[in-house]
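**Student:** One structure coming up, written as structure tokens, with questions to follow.
The following block contains the structure:
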């Protein structure tokens, strides 16, 4: 038995590697007073790769608020939190496939009058690496 396989084709595809270069953005400010994770933002991935995912979060009154990146409806990134009443930027590098939904879920750790979590500037950052070649064997 031979290990040789004739080359069927060579494919070239762009992939993404993390950087601070903004590729996709959803910048509008959104908020929630819910104490369970609530989807506030979503971006569809068009090119597979590892992205730097950034967003800004703040608390309306200084109580702890949390946010987490989800992929296709499931928790994926690190749970982030803040008590700051000024926006704080959170960032992490995560891998996504074309067609994946990058979702930002946000919640308050407690409920009450004036307790609100705010987010804005969901951004997917990276650099396309063009001409990645790989073989497809017959």
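Numbering (this note's numbering), first residue to last: 567 to 704.
Even for Gly, the Cβ is constructed at its ideal location relative to N, Cα and C.
None of the values given here were measured: they were computed from a predicted structure.
1) Which residues mark the beginning and the end of the beta strand (DSSP E) in which residue 761 is found?
2) Less than 7 Å separating the beta-carbons of residue 625 and residue 651?
3) Could you tell me if residue 591 is buried or exposed, where buried requires 16 or more neighbouring beta carbons within 10 angstroms of its beta carbon?
4) From residue 580 to residue 616, what does the alpha carbon distance come to, in whole angstroms?
5) Need the endpoints of the beta strand (DSSP E) that residue 633 sits in, please.
6) Cα-Cα, which of 622, 608, 610, 586 is closest to residue 684?
7) Give me the residue from 647, 677, 611 with the minimum Cα distance to residue 633.
8) Where does residue 599 fall in DSSP's three states?
9) Could you say which of 604, 693, 597, 682 lies nearest to residue 639 if we only look at CA atoms?
10) Grab me the residues of residue 645's own chain with a C-beta within less than 7 Å of its C-beta, minus the 5 sequence neighbours each way, in chain order.
**Tutor:** Quick answer:
1) The chain is shown from 567 up to 704; residue 761 falls before or after that span and cannot be answered.
2) Here residue 625 refers to the residue found at position 59 of the chain shown. Here residue 651 refers to the residue found at position 85 of the chain shown. Result yes, Cβ atoms of residue 625 and residue 651 sit closer than 7 Å.
3) Against the chain shown, residue 591 aligns to sequence position 25. Residue 591 is exposed by the Cβ-count criterion.
4) Walking along the chain shown from the start, residue 580 turns up at place 14. Walking along the chain shown from the start, residue 616 turns up at place 50. Each residue's alpha carbon lies about 12 Å from the other.
5) As a position in the chain shown, residue 633 is number 67, starting the count at 1. 631-637 is the span of the beta strand (DSSP E), which, as asked, contains residue 633.
6) As a working mapping, residue 684 is identified with position 118 in the chain shown. Nearest of 622, 608, 610, 586 to residue 684, Cα basis: 622.
7) As a working note, residue 633 is residue 67 in the chain shown. Scanning 647, 677, 611 for the CA closest to the CA of residue 633 turns up 647.
8) Residue 599 sits at position 33 when you count from the first residue of the chain shown. Reduced to three states, the DSSP call for residue 599 is coil.
9) Position 73 of the chain shown, counted from the first residue, corresponds to residue 639. Comparing Cα positions, the closest option is 604.
10) Position 79 of the chain shown, counted from the start, is the residue given in the question as residue 645. Closer than 7 Å at the Cβ level, and outside the excluded window around residue 645, lie 632, 634.
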